[in-house]
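Its first residue numbered 775, the sequence shown is counted upward by one per residue in the working numbering. By construction, the Cβ of each residue, glycine as well, lies at the ideal position given by its N, Cα and C atoms.
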Amino acid sequence: MRIPTFTFMLLLMLAPMAQAAQQPPNIIYIMSDELGYFEPGFMGGQHIQTPHLDRMAAEGIRFTNLFAGSSVCAPTRCCFLTGKHSGHTSVRSNGGGTPMRAEEETIASILKPLGYATGGFGKWGCGGRDSTGVPEIHGFDVFYGYYDQVHAHSYYPPYLIRNSEEVALPGNVGTSGEKYSHYEIYNAAVK
C-alpha cells in the first residue's frame, strides 16, 4: 500500500513541473486585405508563391471556417481583434472617426497575462495616436506599422509608427523612396 501512495504523491508533486516545462503554442494571426481565399499556395493558389505560409499551414492549425466582420478593413480588424460582431464594436467604418473603446478586450489583452509576448505589425485601423484605440492600450507589447488605412496607401511613407512614436523613413517621398514599408515592417516582426 505504501508504494502506490508514494508513487501517487511523487506524480502529484512532479505534475506541475512537467506542465510548466511545456511551452504554450505560438499563435500567429495573419489578416490580409484583398487576399482571396484560394490565392495562397496552401489553399491551392498558383499565381502567388507563399512557401513560408505554406510551411506554417502544414505544421500548424488552420482555421478556415470563418467570415469577415465587415466588407471593409478597419471594422473587420476590430471584429477580428475583439471577437465581437460588428454591431457590438465601436469601429464601424474606414472613416477613422471612432476608435476602439479603451475597455475593449482583444486577443492580445487576453493572451498577455498568460505569459505571451504580443505584437502587431502592419496596418492597425482601430484608432489613431492619442486615442483609446492604440494597440498599446489593448495588450500589444509592440506595434510597428500604420495606424490608419490612409497612411497605409503609401508603400514609401515618410514614417511608420512604433508604439505611438513616429519612426522616420528618410528618403521616402510620395510613391518612391529608399525604405519600402513592407520590408521595414517585416524586419521588425521577425526580430
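Residues that DSSP places opposite residue i in a beta bridge
| i | result |
| --- | --- |
| E939 | R936 |
| G894 | F917 |
Assigned exposure category for residue i - 16 Cβ within 10 Å defines buried
| i | result |
| --- | --- |
| T838 | exposed |
| Y918 | buried |
| P944 | exposed |
| Y920 | buried |
| L888 | exposed |
| P799 | exposed |
| E939 | exposed |
| S806 | exposed |
| A926 | buried |
| F812 | exposed |
| H912 | buried |
| S950 | exposed |
| G894 | buried |
| V865 | buried |
| E878 | buried |
Residue nearest to residue i in terms of C-alpha spacing, selected from the options
| i | options | result |
| --- | --- | --- |
| G871 | F854, P849, Y890, G861 | P849 |
| D922 | I959, L888, W898 | W898 |
| V947 | R829, Y929, T863 | Y929 |
| V908 | C852, L840, G810, V846 | C852 |
| F841 | I835, E833, T824, H859 | H859 |
| G896 | C847, T949, H821 | C847 |
| G901 | N868, Y957, H927 | N868 |
| I959 | V924, T949, V916 | V916 |
| Y803 | H956, F854, G819 | F854 |
| S844 | E833, T880, G857, R836 | G857 |
| A963 | T892, S905, M874, K953 | T892 |
| A882 | P873, E910, I835 | E910 |
Where residue i falls: helix, strand or coil (DSSP)
| i | result |
| --- | --- |
| Y957 | helix |
| S950 | strand |
| G819 | coil |
| D904 | coil |
| F854 | helix |
| F782 | Note that F782 has pLDDT 44, beneath the 50 cutoff, so the model's placement of it is unreliable and the number below is only indicative. The answer is helix: DSSP assigns F782 an H, G or I state. |
| R829 | helix |
| G861 | helix |
| A876 | coil |
| K886 | helix |
| I881 | helix |
| I911 | helix |
| A842 | coil |
| P1022 | Residue 1022 falls outside the range modelled here, since the chain spans only 775 to 965, and no answer is possible. |
Neighbour flag for residue i against chain C, beta carbons, 7 Å
| i | result |
| --- | --- |
| F854 | In summary, chain C is missing from the structure at hand, where a single protein chain is found. |
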